[in-house]
Amino acid sequence: MNCLICLKSLPESARIQYHGACLGQLFGTRKVNLALAESRKDLVTAIPRKTHGFSISGVQMKAQLAIEAGKLKLVDSNGQFIMKPSPEEYPYVAENEHATLTLMRRVGFPVPPCGLISLKDDHLVFVIRRYDRDIESGARTHQEDAMQALGISNADSSQKYTAASYQEVIELVIEHGGMAVAMELLERLVFSYLVGNDDHHLKNISFFHEPVFKLTPCYDVLASALYSSMAESPMALKMLENGEPEYYGTMGNGYFAGSDFVELGVKAGLIGKAVKNRITSLARKVQKTAPAIIEASFMPEEMKDRYQALISDRLRFVSLMEPGAE
Ligand SMILES: Nc1ncnc2c1ncn2[C@@H]1O[C@H](COP(=O)(O)OP(=O)(O)OP(=O)(O)O)[C@@H](O)[C@H]1O
Ligand SMILES: [Mg+2]
Ligand SMILES: [Zn+2]
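Take a look at the structure:
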């Protein structure tokens, strides 16, 4: 049996499905009552209407949680955690997001503590600590997403896919935060591509302005391509401001090569050689780390197989680096 937080194995004698230390890291205490709801249906019905949010085809609900008197509870505002049950139409999204973010942390990205909570009907719910709240004091750190940073109105939610290209977002980050921060964003985009996260839109990129401009920790990263058809683009936004990157544009096989991400970086103002090195090193880490994490995860076996096959596929394309690399 594996821990629902770190995915590592538990001792035979374990009476709950967590390491005590993992509970402490996620919830700030080892003593917390996690009996959130009897079933997925009860939980979804209890979610406050105004916090309903929509993800995959507008069906993924999320809500805030807080610990009150030692018990985890749904709250309208000022929660310390965000929870997302799997949408009815897309089973195992919670398990998928948990495995993907765990992999992301393991290869070196900043990821808030997160885990799964088991309901009485055995449904697993994804829970992540809010990175914009201090768990002790409740103090807030202001964050802004890329839509807001680009000054685009949020009136029409499809704008998060169409209002800008990754190139423009990286340019904005170079301007406000410099090359190192921009490189980190590019690396997160490559990670999304490697794991089939085809929903890395403008509201899934966020920044802190204080004390210095930087990316927030990672959130909302999962292998969403396992639920979509091949006809859809593997990346949520257009890569370049004008035209398509060379490999993707000329090959027309629906895949981006590593060289396409190098081209994106260079067009945005990063140094090609540095981008190439970072991509190569990331791909190596993902190749090494992903199999064990996918295997240890709570996704069903057939989904694990498809996930691993997807990553192997993407790694092959990312290793294509020749053009535009210098
Ligand atoms: N751990 C976190 N700490 C603080 N804020 C977060 C965290 N996770 C998510 N958020 C904020 O909440 C918003 C919604 O969360 P998330 O993107 O995970 O949900 P979603 O329903 O899948 O969104 P989408 O609209 O992208 O489908 C994010 O855009 C981000 O601003
Ligand atoms: Mg999101
Ligand atoms: Zn653990």
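For any residue, its number in this note's numbering is found by taking its place in the sequence shown, counting from 1, and adding 14. Positions of the beta carbon are idealized from the N, C-alpha and C atoms, including for glycine. Computed from a prediction, not measured in an experiment: that's the story for all the values here.
Secondary structure at L138: strand, using DSSP grouped into helix, strand and coil. For P99, there is no enclosing alpha helix (DSSP H); the enclosing beta strand (DSSP E) has its first and last residue at 95-99. Collapsing the DSSP output to three states places D213 in coil. Secondary structure at Q39: helix, using DSSP grouped into helix, strand and coil. With distances taken between CA atoms, D170 lies nearest to K217 out of K217, L40, A108, M244. Note that the C-beta distance between N47 and G93 is not below 8 Å. With fewer than 16 other Cβ atoms inside 10 Å of its own Cβ, T59 counts as exposed. Collapsing the DSSP output to three states places I19 in coil.
Approximately 6 Å separates the beta-carbon atoms of K290 and M335; this is inside 8 Å, confirming the contact.
Segment contact: the segment 117-129 against the segment 156-165, fewer than three CB-CB distances shorter than 8 Å; contact not assigned. For G191, no beta strand (DSSP E) run applies; the uninterrupted alpha helix (DSSP H) run containing it begins and ends at 180-191, by DSSP. Taking the Cβ of N92 as the reference point, every heavy atom of ligand 1 lies at 7 Å or farther away. Scanning its chain for C-beta atoms nearer than 7 Å, with the 5 sequence neighbours on each side dropped, one finds around A237 the residues N110, T114, V209, G210, N211, Y321, L324, in chain order.
Contact fails between the segment 263-275 and the segment 136-145, because fewer than three Cβ pairs, one in each stretch, are under 8 Å apart.
Shown here for P99: same chain residues with a beta carbon closer than 8 Å to its own, the five before and five after excluded, namely R54, L57, V58, M75, A108, H137, V139, F140 in chain order.
M317 and E201 have their C-alpha atoms some 25 Å from each other. With a threshold of 7 Å, the Cβ atom of K318 does not count as near ligand 3, since no heavy atom of the ligand is closer than that.
In this structure, Q181 sits near E255, with a CB-CB distance shorter than 8 Å. Taken from the Cβ of C36, at least one heavy atom of ligand 3 lies inside 7 Å.
If you draw a straight line from the Cα of G191 to the Cα of K299, it comes to about 26 Å.
In the three-state DSSP reduction, Q173 falls in the helix class (H, G or I).
Sequence-distant Cβ neighbours of I166 in its own chain, meaning closer than 8 Å and more than five residues away, are Q173, A177, A178, L216. By the criterion of a C-beta distance shorter than 7 Å, I96 is surrounded in its chain by K76, Q78, I142, R144, once the five residues flanking it on both sides are discounted. A check of alpha carbon separations from C17 across I184, K87, I307, G122 identifies I307 as the nearest.
Apart from sequence neighbours up to five positions away, the residues of its chain that approach C36 with a beta-carbon distance below 6 Å are C17, I19, C20, ordered along the chain. If the five residues before and after M15 are omitted, its C-beta is found closer than 8 Å to the C-beta atoms of S23, L24, A28, Q31, all from its own chain and listed in chain order.
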